[in-house]
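To keep things clear, I will list the structure first and then write my remarks on it.
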Amino acid sequence: MGSVTLVTGGVRSGKSAYALALANQYPAPLRRFLIATGQALDDEMRERIARHRATRPADFETVEEPLELGAALSAIGNRADIAVLDCLTLWISNLLGQGLSDSAILSQADLLASALQSASFPVVVVSDEVGWGIVPENQLARRFRDLLGWTNQKVAAIADSVVLMVAGCQMRLK
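The sequence shown begins at 443 in my numbering and counts up one residue at a time.
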């Protein structure tokens with residue numbers, strides 16, 4: 443069985459870079475995978491995705507999967523030595539965009555936690571911590587904040603380690 447590491451923190455805190463650095467600590471030769479959840483639905487997201495692609499190590503095979511993360515983990519299972527899943531934040535946004543109920547999204551989070559536990563390779567999961575700010579003004583933003591917070595808790599509960607990133611510095615929480 444593999445291990446699960448959750449890397450969380452604020453926007454631009456260094457989460458993705460740290461997750462990739464963790465994955466690169468495993469000795470070569472390895473089959474490294476990146477499961478990317480972002481969708482280029484507007485110019486800003488296209489630029490954000492392009493920035494991530496430009497900084498991604500060449501030896502990572504990328505799987506673009508905005509919704510079915512458990513299936514993506516299963517699909518690479520026989521080939522992966524390690525995977526980085528980047529990120530739960532966009533995944534929750536994508537699920538909300540599908541019009542799913544809160545209970546359906548949390549069921550998906552439970553399925554993801556089970557898939558992570560069952561993975562035969564280490565998985566580093568990236569997610570934003572959005573619960574430290576003010577209470578959002580609109581209902582959709584509050585739903586997003588709550589659903590991501592609950593999803594982060596589910597993944598943290600099954601994770602072998604949890605790392606908080608702040609200003610490029612890491613702090614091990616678990």
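Beta carbons: idealized from backbone N, C-alpha and C, even for Gly.
Verify whether the separation of the beta carbon atoms of residue i and residue j is less than 8 angstroms.
i, j, result
"Asp663", "Val453", "The structure shown does not extend to residue 663, since the chain is modelled only from 443 through 616, so no value can be given for it."
"Ile524", "Pro564", "yes"
"Lys604", "Lys616", "Reading off the sequence shown, one finds Val at residue 604, where the question assumed Lys. Yes, the pair counts as a contact, with Cβ atoms nearer than the cut-off."
"Ala555", "Ser516", "no"
"Asn466", "Leu509", "no"
"Val505", "Ile518", "yes"
"His494", "Ser445", "no"
"Leu527", "Leu548", "no"
Nearest to residue i by alpha carbon, out of the options?
i, options, result
"Asp552", "Ala609, Ala599, Ala482", "Ala599"
"Ala601", "Cys611, Val567, Gly575", "Val567"
"Gly591", "Met487, Thr531, Leu511, Tyr460", "Thr531"
"Ala514", "Ala465, Thr447, Thr479", "Thr479"
"Leu538", "Asp528, Asp588, Val526, Leu527", "Asp588"
Would you tell me roughly how many angstroms separate the C-alpha atoms of residue i and residue j, rounded to the nearest one?
i, j, result
"Ser455", "Leu606", "9 angstroms"
"Asp501", "Leu462", "11 angstroms"
"Ile576", "Arg521", "43 angstroms"
"Asn580", "Phe586", "10 angstroms"
"Gly573", "Val608", "14 angstroms"
"Leu582", "Glu503", "34 angstroms"
"Glu486", "Ala496", "15 angstroms"
"Trp533", "Asp484", "16 angstroms"
"Ala470", "Ala546", "39 angstroms"
"Leu464", "Gln550", "26 angstroms"
When every heavy atom of the ligand MG is checked, does at least one fall within less than 7 angstroms of the C-beta of residue i?
i, result
"Gly452", "As presented, the structure is devoid of all ligands, the ligand MG included, so that no description of it is given."
Quick one: what's got a C-beta closer than 6 angstroms to residue i's C-beta in the same chain, skipping five residues either side?
i, result
"Met613", "Leu606"
"Gln559", "Ile600"
"Arg584", "Pro578"
"Ala561", "Gly444, Leu515"
"Tyr468", "Ile524"
Excluding the 5 residues flanking residue i on each side, which residues of the same chain have their C-beta closer than 7 angstroms to its C-beta?
i, result
"Glu507", "Ile477, Thr479, Ala514"
Short of 8 angstroms in beta carbon distance, which residues of its chain neighbour residue i, apart from the five on each side in sequence? Order them along the chain.
i, result
"Cys611", "Gly456"
"Asn594", "Leu448, Thr450, Leu530, Ser569, Glu571"
"Ala482", "Arg488, Ile491"
Can you find at least 3 beta carbon pairs, one from the stretch 536–548 and one from the stretch 469–476, that sit closer than 8 angstroms?
They do not touch, by the three-pair rule.
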